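Down below is the structure, laid out as structure tokens.
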Amino acid sequence: MLAISHLRVSYGITEVLRDVSFEVQTGSIVALLGGNGSGKTTILNTLIGVVQAKSGSIQFEDAECVGLSTNQLVKRGISLVPQGREVWPSMSVKDNVELGAATRKDWADIKVDLESVYDLFPKLAIRRTQLAGALSGGEQQMVAIGRALMARPRCLLMDEPSAGLAPNIVGDMVDTILALNKRGLTILLVEQNIGVAAAVAQSAHILENGAIAFSGPAAGLIDNPAVLLSYLGR
Ligand SMILES: Nc1ncnc2c1ncn2[C@@H]1O[C@H](COP(=O)(O)OP(=O)(O)O)[C@@H](O)[C@H]1O
Ligand SMILES: [Mg+2]
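Rendered as structure tokens:
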């Protein structure tokens with residue numbers, strides 16, 4: 001289980017996370033929603049050690065994570081698919097994906113994991129020698145997910161994986177998220193697309209101005225106009 005309690009984060013004197021608490025049960029998918037600037041990415045960046053917590057606790061599998069470096073957190077089994085994918089356009093698909101194994105030295109297993117990424121994303125197998133910059137947005141998102149999987153995570157943090165994808169590809173992303181969960185991954189999914197969140201997650205939390213404004217079953221979100229209007233502005 002991933003348990004976040006009373007988390008506070010500031011950038012300089014500006015507090016951007018105010019007493020955030022929620023849990024992600026092992027094997028579940030939890031969605032984190034909220035408007036632009038509400039603090040979603042800051043939560044994921046704190047969970048992966050890119051941003052430091054000012055106070056509060058983050059427990060993963062019963063061990064404290066606050067104060068650990070990104071490398072240590074990745075070794076503990078947490079991995080991030082960052083917002084905007086952040087693939088290296090002038091590197092090949094294969095080299096981008098292998099970057100996710102940068103901290104590993106178990107070469108034989110790395111090879112097995114690379115093949116398992118290609119199993120999940122056959123399109124990447126076909127395009128493994130092509131430059132990542134030549135791929136479509138959906139394929140670049142596959143590269144970003146594949147790279148995160150190369151760290152052999154048990155918990156995957158995904159920051160708006162459906163953003164910027166063509167509408168006909170968004171359904172494929174839903175299938176991908178469900179397939180990852182079926183492979184045993186616990187997933188914390190940041191989304192602006194409520195349909196995607198409702199299709200995959202068991203529970204959802206809506207972040208408003210750095211604080212959790214609503215928590216409930218994800219399936220109910222889409223039928224809750226009051227929630228949508230007040231917290232997401234749509
Ligand atoms: N590196 C940073 N330095 C200062 N302020 C930041 C930084 N990153 C994000 N912020 C601010 O923190 C708030 C939350 O941002 P973010 O976590 O990116 O929100 P979201 O992902 O929900 O859009 C916003 O007001 C944003 O402008
Ligand atoms: Mg963000």
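In the working numbering, the protein residues as written are 1 to 234.
Ideal Cβ placement from N, Cα and C applies to all residues, glycine included.
Small disclaimer: the values here were computed from a predicted structure and weren't measured.
- The C-beta distance from T42 to S92 rounds to 32 Å, too long to fall under 8 Å, and the pair is not in contact.
- By the neighbour-count criterion, in which a residue is buried when 16 or more other Cβ atoms sit within 10 angstroms of its Cβ, A102 is exposed.
- Proximity of the beta carbon of S10 to ligand 1 is not indicated: no heavy atom of the ligand is located closer than 6 Å.
- Excluding the 5 residues flanking it on each side, E191 has same chain C-beta neighbours closer than 7 Å at A31, L33, E160, S162 and A197, in chain order.
- Taking the CA atoms as reference points, T46 sits about 13 Å from R18.
- The C-beta distance from L2 to T186 rounds to 7 Å, short enough to meet the 8 Å contact threshold.
- For G210, there is no enclosing alpha helix (DSSP H), since its DSSP letter is neither H nor E.
- Cβ neighbours of P89 within its own chain (closer than 6 Å, five residues either side excluded): A132 and G133.
- With distances taken between CA atoms, I48 lies nearest to I4 out of I4, L165 and M173.
- If you look at S162, you'll find it isn't in any beta strand (DSSP E); DSSP assigns it neither H nor E.
- For T103, the shortest C-beta to heavy atom distance toward ligand 2 is 6 Å or greater.
- Scanning I13, T26 and E15 for the CA closest to the CA of Q202 turns up T26.
- Bridge partners of C155 according to DSSP: I78 and T186.
- Going by C-alpha positions, Q141 is about 18 Å away from G195.
- Taking C-beta atoms as the reference points, V9 and K54 count as a pair closer than 7 Å.
- In the same chain as I206, and ignoring 5 residues on each side of it, the C-beta atoms closer than 6 Å to its own belong to L33, G34, A213, F214 and Y231, in chain order.
- Here DSSP, grouped into helix, strand and coil, assigns D119 to helix.
- Neighbourhood of ligand 2, defined by CB distance below 7 Å to any of its heavy atoms: K40, T41, Q83, D159, E160 and V190, in chain order.
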